[in-house]
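Peer 1: Protein chains in written order, with this note's numbering: chain A, 1 to 250; chain B, 1 to 123; chain C, 1 to 126; chain D, 1 to 93. Backbone N, C-alpha and C define an ideal beta-carbon position, used for all residues, glycine too.
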Amino acid sequence: MINVKYFDFHLKGKKPDSDLALINEAKRLGYHGVSIFYSNEQYNLALENFNKIINDETSPTHLKSFKIDDFSITPGIIIQGKNPHHLQKQIRSLRNKTNILMVDGGDLKINRAACENVKVDILSRPYYKRRDCGINHVLSREAAKNNVAIELCFNDLLKSRNSLRSKIIAHFRDIIKLQRKFHFPLLITSGARTIYDLRTPQDIMALYRCLGLNKEEILMAISVSPSFILDYNQQRKDMVVDGVKIIDEK
Amino acid sequence: MSRGRRPKWMIELGKERIDILFNLAEKEFSQHPERSHRYVKLARNISTKYNIKMSMEWRRRFCKSCYKFLKPGKNSKIRLSNGKVHFKCLECGKLMRLPYIKEKKQKRRNKIESYLVKKRVNE
Amino acid sequence: MKLKILPPTLRGDKRYLAFEAISQIQLPRDDLIFMIWESCLKFHGECETSKFRLWVTRSWDLNSNNSKKDYFHLKGILQCNRGDEEKVRGALCLINNYKGKKLVFHTLGLAGTIKSATQKFIKPSP
Amino acid sequence: MITPHNIFQHELIGLTVEIVESSHQGLEGIKGKVVDETRNTICLERPDGKEIVVAKSTSLFHFRIPEGLVVEIDGKVLVSRPEDRIKKKFRKI
Numbered sequence: 001m002i003n004v005k006y007f008d009f010h011l012k013g014k015k016p017d018s019d020l021a022l023i024n025e026a027k028r029l030g031y032h033g034v035s036i037f038y039s040n041e042q043y044n045l046a047l048e049n050f051n052k053i054i055n056d057e058t059s060p061t062h063l064k065s066f067k068i069d070d071f072s073i074t075p076g077i078i079i080q081g082k083n084p085h086h087l088q089k090q091i092r093s094l095r096n097k098t099n100i101l102m103v104d105g106g107d108l109k110i111n112r113a114a115c116e117n118v119k120v121d122i123l124s125r126p127y128y129k130r131r132d133c134g135i136n137h138v139l140s141r142e143a144a145k146n147n148v149a150i151e152l153c154f155n156d157l158l159k160s161r162n163s164l165r166s167k168i169i170a171h172f173r174d175i176i177k178l179q180r181k182f183h184f185p186l187l188i189t190s191g192a193r194t195i196y197d198l199r200t201p202q203d204i205m206a207l208y209r210c211l212g213l214n215k216e217e218i219l220m221a222i223s224v225s226p227s228f229i230l231d232y233n234q235q236r237k238d239m240v241v242d243g244v245k246i247i248d249e250k
Numbered sequence: 001m002s003r004g005r006r007p008k009w010m011i012e013l014g015k016e017r018i019d020i021l022f023n024l025a026e027k028e029f030s031q032h033p034e035r036s037h038r039y040v041k042l043a044r045n046i047s048t049k050y051n052i053k054m055s056m057e058w059r060r061r062f063c064k065s066c067y068k069f070l071k072p073g074k075n076s077k078i079r080l081s082n083g084k085v086h087f088k089c090l091e092c093g094k095l096m097r098l099p100y101i102k103e104k105k106q107k108r109r110n111k112i113e114s115y116l117v118k119k120r121v122n123e
Numbered sequence: 001m002k003l004k005i006l007p008p009t010l011r012g013d014k015r016y017l018a019f020e021a022i023s024q025i026q027l028p029r030d031d032l033i034f035m036i037w038e039s040c041l042k043f044h045g046e047c048e049t050s051k052f053r054l055w056v057t058r059s060w061d062l063n064s065n066n067s068k069k070d071y072f073h074l075k076g077i078l079q080c081n082r083g084d085e086e087k088v089r090g091a092l093c094l095i096n097n098y099k100g101k102k103l104v105f106h107t108l109g110l111a112g113t114i115k116s117a118t119q120k121f122i123k124p125s126p
Numbered sequence: 001m002i003t004p005h006n007i008f009q010h011e012l013i014g015l016t017v018e019i020v021e022s023s024h025q026g027l028e029g030i031k032g033k034v035v036d037e038t039r040n041t042i043c044l045e046r047p048d049g050k051e052i053v054v055a056k057s058t059s060l061f062h063f064r065i066p067e068g069l070v071v072e073i074d075g076k077v078l079v080s081r082p083e084d085r086i087k088k089k090f091r092k093i
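Below, the structure written as structure tokens:
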């Protein structure tokens, strides 16, 4: 595999120093890019201290993604909406603050509102606290149309045991079956809080292979769709409409 | 399907597009006449779909029956006769008559005003 | 708000497994469920059992008339994924005790619908 | 006025355009002035006067607006009759 870049897209950010430990650990394990998710309030705080550490105040603060020798770190915001209307309001206000926007799934109305919204990047864990997998053919068609990625979180497997874990694996299988039919972007992430939740990309690929995913699909989920999300969001500010983009004239 | 009134920005956009099309037709007529006929057809489509009246200067520049672009002297004849302007399209021979009473009245008013001004100046 | 169910082409296809359980203690529904899941998990592990889509549909209590006997008789229907019936049957017959009490599971048969499962194995209509 | 925000609804005839990507390799890199437009095609006039008819849905265009800004438009966005493009609805990004 020539220059396949592995991305771990969902790390939970808490305190600045623990985030840094997470990032260094991810770098050591062989990931090429990482994105850390904060709630709305902590996001600005995190942005500043990233700036202090990496660019030591030289670059302007509005920079949203950072690079240490081609290891890309992009902080993002995770949204918990109480109802669709509240969710829409939050999305509208937070869209141009970050590069990546993730909606925490679980409630049916939230899942649907997130899938139908072009501005949302990732719908994380639609099966959270649910007996079914949270999405059906209607939502997955919308997710494919609006390019909303559905995220399978490794942390859920880690923390659960016995029948709960096998139920979550069953939800994974349903989502994979829907993904094969409707081709919405799939995302495999670790959702790590501490360095003990992180696994190397090869281990995660091996684990997901026995869930029924073949090699190409896993590569799509770990390296292609994350990098697509990053590039797409880079151009998002000068995208007028879905297919139209302003290029600074030569 | 109820046509209804189009929103304002659509009508503005339509007007701009019609102006662009007719200006291009004007420029292109000498080398490529068939292109300017095509532009007139496009402009007509826009004006009919969005219910936009073309401005006065452009309404006289195309034939009402064969929708060809008319350039005075090249494929159209313009004459004045008994109070009307005659546009004759040489492509299909259609004669379009337009009264110009407003212009006549305007001319009379200007003449009266110029006399009044002269009289006041003499006193 | 409920999600619209999947179209038939995407909906997994099911098989119904009629079983009877003879045990020394009364078996409510959730104990039944716990036992079946436990045995499958121990025997096949989490990854396999996630394929089976197990679901205990109904269970009937058949010891109203012979209360003097020392065992409880129970019949029920278990829904599982088509193609994995053998694995589920294998796991079912490995159950032997629950909370120290003896217990045995026999699978009476397989059927494609709940109705045919009940008629054929549970309540043979005269 | 033609701005990047309403160029796809505005008149394309008269703008200079360059085909950046296209499923037909021969068309890539061609520059020209848009001369005619139909539902699925754009007719380009090359600087040397030759006219080329290009399909809209299979290529990516770089339109140069009069004020000099360059806008990249995917052909699929433009696929509709010229007069219908004004009222076509688009998803805001």
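How should Tyr115/B be labelled, buried or exposed, when 16 other C-beta atoms within 10 angstroms of its C-beta is the threshold for buried?
Peer 2: exposed
Peer 1: Would you kindly check if the distance between the Cβ of Ile77/A and the Cβ of Phe66/A is under 7 angstroms?
Peer 2: no
Peer 1: With 7 angstroms as the C-beta to C-beta threshold (strictly closer), list the residues of the region 51-69 of chain B near chain D in chain order.
Peer 2: none
Peer 1: Short of 9 angstroms Cβ to Cβ, which residues in the region 59-92 of chain D face chain B?
Peer 2: Arg81, Pro82, Glu83, Asp84, Ile86, Lys87
Peer 1: Counting beta carbon pairs with one atom in the region 18-32 of chain D and one in the region 57-69 of chain D, are three or more of them shorter than 8 angstroms?
Peer 2: yes
Peer 1: In this structure, does DSSP put Met54/B in helix, strand or coil?
Peer 2: coil
Peer 1: With a 10 Å radius around its C-beta and 16 neighbouring C-beta atoms as the bar for buried, classify Ala206/A as buried or exposed.
Peer 2: exposed
Peer 1: Nearest to Phe72/C by CA position, among Asn81/C, Cys80/C, Trp60/C, is which residue?
Peer 2: It is Trp60/C.
Peer 1: Which term fits Cys210/A, buried or exposed, when burial requires 16 or more other beta carbons within 10 angstroms of its beta carbon?
Peer 2: exposed
Peer 1: Kindly indicate if chain A contains any beta-carbon less than 7 angstroms away from that of Pro47/D.
Peer 2: no
Peer 1: Can you list the beta strand (DSSP E) stretches of 3 or more residues lying completely in the region 31-66 of chain C, in chain order?
Peer 2: Listed in chain order, the complete beta strand (DSSP E) runs (minimum 3 residues) inside the region 31-66 of chain C are 55-61.
Peer 1: Comparing the C-beta of His5/D with each C-beta of chain A, is any distance below 7 angstroms?
Peer 2: Answer yes: the Cβ-Cβ gap between His5/D and chain A drops below 7 angstroms somewhere.
Peer 1: In the DSSP assignment, what residue or residues form a beta bridge with Ala111/C?
Peer 2: As computed with DSSP, Ala111/C is found in a beta bridge with Tyr16/C.
Peer 1: By the DSSP assignment, the alpha helix (DSSP H) with Phe50/A in it spans what residues?
Peer 2: 40-50
Peer 1: Bridge partners of Arg97/B, per DSSP?
Peer 2: His86/B
Peer 1: Which of helix, strand or coil does DSSP assign to Leu213/A?
Peer 2: coil
Peer 1: Grouping DSSP H, G and I as helix and E and B as strand, with all else coil, what is Glu51/D?
Peer 2: strand
Peer 1: Between Arg209/A and chain C, is the shortest Cβ-Cβ distance under 7 angstroms, so that the two count as touching?
Peer 2: no
Peer 1: For chain A, check one thing: does any of its Cβ atoms lie closer than 7 angstroms to the Cβ of Trp55/C?
Peer 2: no
Peer 1: Return the CA-CA distance between Leu74/C and Arg92/A, expressed in angstroms with no decimal places.
Peer 2: Straight-line measurement puts the Cα of Arg92/A at about 57 angstroms from the Cα of Leu74/C.
Peer 1: Tell me which residues of the region 28-53 of chain D have at least one Cβ-Cβ distance to chain B shorter than 7 angstroms, keeping chain order.
Peer 2: Result list: Val35, Asp36.
Peer 1: Once DSSP output is grouped into helix, strand and coil, what is the label at Cys153/A?
Peer 2: strand
Peer 1: Does DSSP put Gln80/A in a helix, a strand or coil?
Peer 2: coil
Peer 1: Just the Cα atoms here: how many angstroms apart are Leu157/A and Tyr208/A?
Peer 2: 11 angstroms
Peer 1: Please name the residues in the region 125-150 of chain A whose beta-carbon is closer than 9 angstroms to at least one beta-carbon of chain C, in chain order.
Peer 2: Asp132, Gly134, Ile135, Asn136, His137, Val138, Leu139
Peer 1: Using a Cβ-Cβ cut-off of 7 angstroms (strictly less than) and excluding sequence neighbours within five positions of Val240/A, which residues of its own chain qualify?
Peer 2: Ile246
Peer 1: For Lys123/C and Asp30/C, I'd like the C-alpha separation in whole angstroms.
Peer 2: 23 angstroms
Peer 1: Distance check for Asn96/C and Glu20/C, CA to CA, integer angstroms please.
Peer 2: 13 angstroms
Peer 1: Using only the alpha-carbon positions, how far apart do Asp36/D and Ile13/D sit?
Peer 2: Roughly 6 angstroms between the two C-alpha positions.
Peer 1: Between Ile11/B and chain D, is there a C-beta pair that is closer than 7 angstroms?
Peer 2: no
Peer 1: Nearest-angstrom Cα distance between Thr9/C and Leu139/A?
Peer 2: When only Cα atoms are considered, Thr9/C and Leu139/A end up about 17 angstroms apart.
Peer 1: Per the DSSP calculation, Asp36/D is bridged to which residue(s)?
Peer 2: DSSP lists Cys43/D as partners of Asp36/D.
Peer 1: Can you look up Phe63/D in the DSSP assignment and give me helix, strand or coil?
Peer 2: Residue state for Phe63/D is assigned as strand, using DSSP reduced to three classes.
Peer 1: Any beta carbon from chain D within less than 7 angstroms of Lys159/A's own beta carbon?
Peer 2: no
Peer 1: On the CB-based measure, 16 or more other CB atoms within 10 Å of its CB, does Tyr31/A come out buried or exposed?
Peer 2: buried
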